[in-house]
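Following: one structure in structure tokens, then a few remarks.
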Amino acid sequence: MIGGKTKMAGIMGWPVAHTRSPRLHGFWLEKYGIDGAYVPLPVAPNKLEQALRALPVFGFRGVNLTIPHKEAALEIVDSIDPLARRIGAINTIVVREDGSLEGRNTDAFGFSENLRLAGYENGGRPVAILGAGGAARAVVAALQDMGCKEIRIVNRTAARAQKLAAQLRLFEDKGNIIRIYGWNDAPIALAGASLLVNTTSLGMAGQPPLEIHLAPLPREAWVTDIVYAPLETDLLRSAAQKGHETIDGLGMLLHQGRPGFAAWFGKDPEVTEDLRRFVLENT
Ligand code: ATR
15 MIGGKTKMAG IMGWPVAHTR SPRLHGFWLE KYGIDGAYVP LPVAPNKLEQ
65 ALRALPVFGF RGVNLTIPHK EAALEIVDSI DPLARRIGAI NTIVVREDGS
115 LEGRNTDAFG FSENLRLAGY ENGGRPVAIL GAGGAARAVV AALQDMGCKE
165 IRIVNRTAAR AQKLAAQLRL FEDKGNIIRI YGWNDAPIAL AGASLLVNTT
215 SLGMAGQPPL EIHLAPLPRE AWVTDIVYAP LETDLLRSAA QKGHETIDGL
265 GMLLHQGRPG FAAWFGKDPE VTEDLRRFVL ENT
């Protein structure tokens with residue numbers, strides 16, 4: 015039951031019907047017995063500012079943002095945390111006591127936590143990333159913060175990868191380098207890498223397959239995919255067959271939800287097998 019004291023949060027997107035986040039936060043709210051609600055909020059792109067400004071009016075604690083609002087929100091919120099600025103996207107908004115809006119990005123945290131809890135340690139070794147879109151920016155930032163010394167970006171469109179690298183190289187005080195490879199040079203990028211990450215939409219249900227030869231990847235390298243529908247992508251299946259440790263993409267989605275939940279509802283929630291099953295139901 016939603017009442018006068020219910021803590022409200024939600025997710026703004028356009029469209030927003032496909033999102034799993036209400037299941038994720040709804041599971042936690044029930045598990046921890048919190049009087050809260052997390053609702054899908056379909057917001058057209060030209061209404062984003064109005065919708066965000068209405069959050070304190072309605073007493074919302076905050077929201078997550080998904081496609082197509084993550085970049086546009088940078089121009090609207092009152093403050094942006096350094097990581098969100100670096101990534102160039104906001105996925106979490108916290109409404110402060112005074113009604114101002116704070117923009118954060120928890121995708122990098124979600125990515126790092128998913129890998130850390132699975133047991134992957136970078137130890138300064140090279141990493142190969144497929145794709146240079148919004149998801150790749152969060153992954154690159156996460157890897158920089160993990161102490162990765164060499165980040166190799168493989169992308170179809172060189173200009174896009176160069177733009178990403180230029181933006182994130184500004185933050186190379188972490189002492190890492192970003193190298194760019196065309197799709198045909200993927201074997202060079204994979205050679206000697208300790209981790210391969212797919213950040214493209216290739217391999218997702220309804221999208222074209224991801225075609226990549228894993229032979230140059232060292233046997234001890236880990237492979238992860240940010241695609242989680244299907245949970246076991248072709249990439250992860252063939253990597254596992256070749257003896258690589260694999261990490262599916264669902265964990266990133268679940269862990270990126272934790273900081274927002276903690277800020278809005280006052281509890282750092284746990285990612286468990288029950289939660290994974292619940293979020294995947296009816297997919
Ligand atoms: P997101 O924000 O989710 O990362 P995006 O910004 O649209 O999504 O980025 C999608 C990524 O998938 C890009 O790196 C894109 O490559 P381009 O920069 O060359 O467009 C990559 N991608 C999508 N479809 C692809 C395809 N058929 N072949 C190769 N790369 C593809």
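297 is the number that this note's numbering gives the last residue of the sequence shown; the numbers go up by one with no jumps.
Cβ atoms here follow ideal geometry from the backbone N, Cα and C, with glycine treated the same way.
- Set against 7 Å, the gap from the CB of G145 to the closest heavy atom of the ligand ATR is smaller.
- Taking 8 Å as the cut-off, the Cβ atoms of I165 and N128 do not count as close.
- Across the structure, G274 and K281 are spaced so that their CA atoms are roughly 10 Å apart.
- Sequence-distant partners of P36 (beyond 5 residues in either direction) whose C-beta falls short of 8 Å from its own C-beta, in its chain, are G24, I25, Y52, V53, P54.
- When distances are taken from the beta-carbon of L267 to the heavy atoms of the ligand ATR, even the shortest one reaches 7 Å or more.
- Excluding residues up to 5 positions away in sequence, P201, L204, A205 lie with their Cβ nearer than 7 Å to the Cβ of P230 in the same chain.
- The beta-carbon separation of S93 and E116, rounded to 5 Å, stays under the 8 Å limit for a contact.
- Nearest Cα to W197 within the set R151, N212, R272: N212.
- DSSP, read as helix, strand or coil, puts K21 in strand.
- Uninterrupted beta strand (DSSP E) stretches at least 3 residues long and entirely within the region 252-287 occur at 259-261, given in chain order.
- DSSP places D49 outside both helix and strand once states are collapsed to three, so it counts as coil.
- Under the three-state reduction of DSSP output, D248 falls in the helix class.
- Following the DSSP letters along the chain, one finds D239 in no alpha helix (DSSP H) but inside the beta strand (DSSP E) bounded by residues 236-239.
- Around the beta-carbon of N60, fewer than 16 other beta-carbon atoms lie within 10 Å, marking it exposed.
- Only residues of its own chain outside the window of five on either side were considered, and among them R166 have a CB closer than 6 Å to the CB of R193, listed in chain order.
- Between W28 and P283, the beta carbon gap of about 27 Å keeps them out of contact (Cβ cut-off 8 Å).
- Judged by the Cβ position, A150 qualifies as a neighbour of the ligand ATR at the 7 Å threshold, a heavy atom of the ligand being closer than this.
- Judged by their CB atoms, L178 and A146 are nearer to each other than the 8 Å cut-off.
- Runs of the beta strand (DSSP E) spanning 3 or more residues and lying entirely within the region 89-142 occur at 106-109, 115-118, in chain order.
- Taking C-beta separations shorter than 6 Å and ignoring five residues to either side along the sequence, the partners of Y134 in its chain run W236, following chain order.
- Checking the DSSP bridge columns, you'll see Y195 partnered with V168.
- Residue range 62-72 is occupied by the alpha helix (DSSP H) that includes L62.
- V168 has its alpha-carbon roughly 8 Å from the corresponding atom of D199.
- Restricting attention to Q270, R34, F292, F279, the CA atom closest to the CA of N105 is found in Q270.
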